[in-house]
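Comments concern the structure below.
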Amino acid sequence: MNLASRMQNIGTETAFEVGARVAALERDGKKIYKFHIGQPDFPTPDYIKDGARDALDANQTGYTEARGTYAVREACARYGSRLRGVDFTPEQTVVAPGAKPILFGAAFTLLEAGDEAIVPDPGFPIYDSAVRVMGAKSVPLPLLEEKAFNFELDTLQESVTSKTKLLFLNTPQNPTGGVLTDDVLKGVRDLAVDHDFTVLADEVYNSTVYDRPFRSIITYEGMRERTIILDGHSKTYSMPGWRLGYAFMPEDLAKAMTTLAINIYSCPSSIVQEAGRVAVDGPQDEVRAMVAEFKKRREYMVSRLNAIDGVSCVKPQGAFYAFPNVKPVLAKMNWKSNDLERYLLSQGVAVLSGSAFGACGEGYIRFSYATAMSEIEAGMERFEQALDGLKNVQKATA
Ligand code: PLP
Numbered sequence: 013m014n015l016a017s018r019m020q021n022i023g024t025e026t027a028f029e030v031g032a033r034v035a036a037l038e039r040d041g042k043k044i045y046k047f048h049i050g051q052p053d054f055p056t057p058d059y060i061k062d063g064a065r066d067a068l069d070a071n072q073t074g075y076t077e078a079r080g081t082y083a084v085r086e087a088c089a090r091y092g093s094r095l096r097g098v099d100f101t102p103e104q105t106v107v108a109p110g111a112k113p114i115l116f117g118a119a120f121t122l123l124e125a126g127d128e129a130i131v132p133d134p135g136f137p138i139y140d141s142a143v144r145v146m147g148a149k150s151v152p153l154p155l156l157e158e159k160a161f162n163f164e165l166d167t168l169q170e171s172v173t174s175k176t177k178l179l180f181l182n183t184p185q186n187p188t189g190g191v192l193t194d195d196v197l198k199g200v201r202d203l204a205v206d207h208d209f210t211v212l213a214d215e216v217y218n219s220t221v222y223d224r225p226f227r228s229i230i231t232y233e234g235m236r237e238r239t240i241i242l243d244g245h246s247k248t249y250s251m252p253g254w255r256l257g258y259a260f261m262p263e264d265l266a267k268a269m270t271t272l273a274i275n276i277y278s279c280p281s282s283i284v285q286e287a288g289r290v291a292v293d294g295p296q297d298e299v300r301a302m303v304a305e306f307k308k309r310r311e312y313m314v315s316r317l318n319a320i321d322g323v324s325c326v327k328p329q330g331a332f333y334a335f336p337n338v339k340p341v342l343a344k345m346n347w348k349s350n351d352l353e354r355y356l357l358s359q360g361v362a363v364l365s366g367s368a369f370g371a372c373g374e375g376y377i378r379f380s381y382a383t384a385m386s387e388i389e390a391g392m393e394r395f396e397q398a399l400d401g402l403k404n405v406q407k408a409t410a
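Right, dumping it as structure tokens:
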């Protein structure tokens, strides 16, 4: 089939591709330690599942408003306002089948061909993909290991031009686990206001900030009219397969996103919306329990990684990812991160190459610790053995 030329510009998320390879290996009976996918391993809390059952029993099976029912938008707005200390209305709220359609929607509704959008590097790969497929230019903003994966405000300033329309900001971050400091958020505000660009603040990991309270850029003056706050149920409530996300944005943009939804998917699932409404309205203790468990796993995984020769890992401040620097291991083998990803999978350890998140991710690999502690313990053993195995390969070839 002759694909449209725009398909040459679209990117991907390798977690799904590695996932397909893992599934094939498992079908062949191989044991794989799965650190590649960013999804909580806990079941969705029961009260949320009950919400979906109740919606089914009440025959809520029709189309809804394209941007989500008033009830779910009202509930998300209430929850989001409480969390961030800023008032959002249902008219500013768009609910979608996952956070991803809103990322794509922001690029679709805001970027002309030739415009520029700044994306974190390493960062969630869909930002770059969405920008490029619109014919706009994606400008990478390096996140620095030595700054706990914050960026230099001077570098951001140098990246801004008269064509800059959009900045993707992600905190806590995928893939690094970094959390942007208040100084950085404030500096971004100053630049956004001075240069009049929009900020898409991807806050889908807001529930997992370990050592201090979560802070959103929207709390800074002047950001209300230029920020899209992206949130969702996948990570917070362990609901990635349900597909539910939502965002707060100025009303005119919410209308444009609604038109886009009508064109693409009509509305999010009526049943899932009800589950999502119950999720944000209900008790949040299970979310806190999941985060407490992630915190224990973080301590364990980071100390194991840092005990390995040639591996060093900045302690992640949020999300459920560790992003160790493996440059010494790669240098010895004359490998790229990709080669290590492939080798580790052959040894039963599934991780993602840092380069899948941008050029600045080269030299790193991403581990998700959203997997059971027993798997992390055994998987780290296997990882260490795999790296030891490389020393033998080296000796054999030396
Ligand atoms: N934003 C970031 C930073 C993510 O890591 C992910 C998923 O991995 C998403 C957005 C997409 O979330 P959803 O499953 O709600 O589409």
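Residues in the sequence shown are numbered from 13 upward in steps of one, following this note's numbering. From the three backbone atoms N, C-alpha and C, an ideal C-beta is built for every residue, glycine too. Since we're looking at a predicted model, the values are computed, not measured.
> DSSP state of Leu364, grouped into three classes?
Replying inline: Looking up residue 364 in the sequence shown gives position 352. Note: Leu364 maps to strand in three-state DSSP.
> Around the C-beta of Asn71, are 16 or more other C-beta atoms found within 10 angstroms, so that it is buried, or is it exposed?
Replying inline: Position 59 of the sequence shown, counted from the first residue, corresponds to residue 71. So Asn71 counts as exposed.
>> Assuming Val303 is part of the alpha helix (DSSP H), what are its boundary residues?
In response: The count along the sequence shown starts at 1 and reaches residue 303 at position 291. Taken as a continuous stretch (DSSP letters only), the alpha helix (DSSP H) holding Val303 covers Asp297 to Asn318.
> What residue range is occupied by the uninterrupted alpha helix (DSSP H) comprising Gly373?
Replying inline: Locating residue 373 in the sequence shown gives position 361, counting from the first residue. Careful: Gly373 lies outside any alpha helix (DSSP H) and carries neither H nor E.
> Is any heavy atom in the ligand PLP found nearer than 7 Å to the beta carbon of Lys112?
Replying inline: If you number the sequence shown from 1, residue 112 lands on position 100. Result yes, Cβ under 7 Å from the ligand PLP.
> Is Val414 buried or exposed, if buried means 16 or more other CB atoms sit within 10 Å of its CB?
Replying inline: Nothing in the structure corresponds to residue 414, since the chain is present only between 13 and 410.
> Straight-line CA distance for Phe54 to Thr248?
Replying inline: Here residue 54 is taken as the residue at index 42 of the sequence shown, counted from 1. Here residue 248 is taken as the residue at index 236 of the sequence shown, counted from 1. Between Phe54 and Thr248, the C-alpha separation is close to 11 Å.
>> Need the endpoints of the beta strand (DSSP E) that Ala108 sits in, please.
In response: In the sequence shown, residue 108 corresponds to position 96, counting from 1. Segment Thr105 to Ala108, the beta strand (DSSP E) holding Ala108.
>> Whole angstroms are fine: how far does the CA of Phe116 sit from the CA of Tyr75?
In response: Taking the first residue of the sequence shown as 1, we reach residue 75 at position 63. Taking the first residue of the sequence shown as 1, we reach residue 116 at position 104. C-alpha separation (whole angstroms): 22 Å.
> Do Asp214 and Cys372 have their CB atoms nearer than 8 Å?
Replying inline: Taking the first residue of the sequence shown as position 1, residue 214 is located at position 202. Taking the first residue of the sequence shown as position 1, residue 372 is located at position 360. No, Cβ-Cβ distance for Asp214 and Cys372 is not below 8 Å.
> Can you tell me whether Ala16 is buried or exposed, with buried defined as 16 or more other CB within 10 angstroms of its CB?
Replying inline: Counting from 1 along the sequence shown, the entry for residue 16 is found at position 4. By the 10 Å Cβ count, Ala16 comes out exposed.
>> Let me check you understand the geometry: is the CB of Asp214 closer than 7 Å to at least one non-hydrogen atom of the ligand FMN?
In response: Only the ligand PLP can be found as ligands here, which leaves the ligand FMN out of the picture.
> Should Lys42 go down as buried or exposed, given a rule of 16 or more other Cβ atoms within 10 Å for buried?
Replying inline: Reading the sequence shown from its first residue, position 30 is the one you call residue 42. Exposed, because fewer than 16 other Cβ atoms sit within 10 Å of the Cβ of Lys42.
> Based on the DSSP output, what are the partners of Pro132 in its beta bridges?
Replying inline: Locating residue 132 in the sequence shown gives position 120, counting from the first residue. In the DSSP output, where bridge partners are listed per residue, Pro132 has Leu153.
> Heavy atom of the ligand PLP less than 7 Å from the Cβ of Gly244, yes or no?
Replying inline: Here residue 244 is taken as the residue at index 232 of the sequence shown, counted from 1. It does: the Cβ of Gly244 is within 7 Å (strictly closer) of some heavy atom of the ligand PLP.
> From Ala291 to Glu387, what distance separates their C-alpha atoms?
Replying inline: Here residue 291 corresponds to residue number 279 of the sequence shown, with the count starting at 1. Here residue 387 corresponds to residue number 375 of the sequence shown, with the count starting at 1. If I take the Cα positions, the gap works out to 28 Å.
>> Taking 7 Å as the limit between beta carbons, can you name the residues of its chain near Phe100, skipping five residues before and five after?
In response: Along the sequence shown, read from residue 1 onward, the residue named residue 100 stands at position 88. Cβ neighbours of Phe100 beyond the five flanking positions: Ala89, Gly92, Ser93 and Phe260.
> According to DSSP, is Ala384 helix, strand or coil?
Replying inline: For the purposes of this step, residue 384 is identified with residue 372 of the sequence shown, where counting begins at 1. Coil at Ala384, not helix or strand.
> Are the region 192 to 208 and the region 135 to 146 in contact at 8 Å, needing three or more beta carbon pairs?
Replying inline: no
> Comparing the CB of Gly373 with every heavy atom of the ligand PLP, is any distance shorter than 7 Å?
Replying inline: Here residue 373 refers to the residue found at position 361 of the sequence shown. Every heavy atom of the ligand PLP is 7 Å or more from the Cβ of Gly373, so no.
>> Could you check whether Ala160 and Val338 sit closer than 8 Å to each other, using their CB atoms as the reference points?
In response: If you number the sequence shown from 1, residue 338 lands on position 326. If you number the sequence shown from 1, residue 160 lands on position 148. No, they are not a contact pair.
> Got a sec? Which residues, its chain only, sit under 7 Å from Glu86 by beta carbon, not counting five neighbours each side?
Replying inline: For this step, residue 86 is matched to residue 74 along the sequence shown. Closer than 7 Å at Cβ, skipping near neighbours: Pro102.
> Are the CB atoms of Ser171 and Ile130 nearer to each other than 8 Å?
Replying inline: What you label residue 171 is simply residue 159 of the sequence shown in a count that begins at 1. What you label residue 130 is simply residue 118 of the sequence shown in a count that begins at 1. Yes, Cβ-Cβ distance for Ser171 and Ile130 is below 8 Å.
>> Less than 8 Å between the beta carbons of Ile22 and Val151, yes or no?
In response: The sequence position of residue 22 within the sequence shown is 10, counting from 1. The sequence position of residue 151 within the sequence shown is 139, counting from 1. No, they are not a contact pair.
> By Cβ distance, which residues of its chain are closer than 6 Å to Gly63, with the 5 residues on each side in sequence left out?
Replying inline: If you number the sequence shown from 1, residue 63 lands on position 51. Same-chain partners within the cutoff: Glu286, Ala287 and Val290.
> How many angstroms separate the CA atom of Phe379 from the CA atom of Gly244?
Replying inline: Taking the sequence shown and counting its residues from 1, the one referred to as residue 379 is at position 367. Taking the sequence shown and counting its residues from 1, the one referred to as residue 244 is at position 232. Those two C-alpha atoms are separated by around 22 Å.
> Tell me which same chain residues have a C-beta within less than 8 Å of the C-beta of Ile44, skipping the five on either side of it?
Replying inline: Here residue 44 is taken as the residue at index 32 of the sequence shown, counted from 1. Val34, Leu37, Glu38, Leu357, Gly360, Val361 and Ala362.
>> Rounded to the nearest angstrom, what separates Glu263 and Val205 at their Cα positions?
In response: Translated into the one-based positions of the sequence shown, residue 263 becomes position 251. Translated into the one-based positions of the sequence shown, residue 205 becomes position 193. If you take the alpha carbons of Glu263 and Val205, they lie about 19 Å apart.
>> Looking at the ligand PLP, does it come within less than 7 Å of Asn182, judged from the CB to the closest heavy atom?
In response: Numbered from 1 along the sequence shown, position 170 holds the residue referred to as residue 182. Correct: Asn182 has its Cβ closer than 7 Å to the ligand PLP.
>> Along the chain, where does the beta strand (DSSP E) containing Asp8 start, and where does it finish?
In response: The question about residue 8 has no answer here: the residues shown for the chain are numbered 13 through 410.
> Does the distance from the C-beta atom of Pro328 to that of Ala319 stay below 8 Å?
Replying inline: For this step, residue 328 is matched to residue 316 along the sequence shown. For this step, residue 319 is matched to residue 307 along the sequence shown. In this structure, Ala319 does not lie closer than 8 Å to Pro328 by Cβ.
> Taking 7 Å as the cut-off, does the CB of Asn218 come closer than this to any heavy atom belonging to the ligand PLP?
Replying inline: Your numbering for residue 218 matches position 206 in the sequence shown. No; taking the cut-off as 7 Å, the Cβ of Asn218 has no heavy atom of the ligand PLP nearer than that.
>> Once the 5 residues before and after Thr24 are set aside, which same chain residues still bring their CB inside 8 Å of it?
In response: Here residue 24 is taken as the residue at index 12 of the sequence shown, counted from 1. Taken in chain order, the residues that qualify are Pro137 and Ser141.
>> By alpha-carbon positions, which one of Ile229, Thr176 and Glu77 ends up nearest to Gly97?
In response: Taking the sequence shown and counting its residues from 1, one reaches residue 97 at position 85. Comparing Cα positions, the closest option is Ile229.
> Near Ala408, what residues of its chain come up, given a Cβ to Cβ distance below 7 Å and the 5 sequence neighbours on each side ignored?
Replying inline: Counting from one through the sequence shown, the residue named residue 408 turns up at place 396. Caution is warranted here: a pLDDT of 48 is assigned to Ala408, below 50, making its placement in the model unreliable, and the coordinate value is therefore given only provisionally. Cβ within range, chain order: n/a, list empty.
> Leaving out five residues before and five after Thr167 in sequence, what residues of the same chain have Cβ atoms less than 7 Å from its Cβ?
Replying inline: To locate residue 167, count along the sequence shown from 1; it is residue 155. The residues are Leu153 and Pro154.
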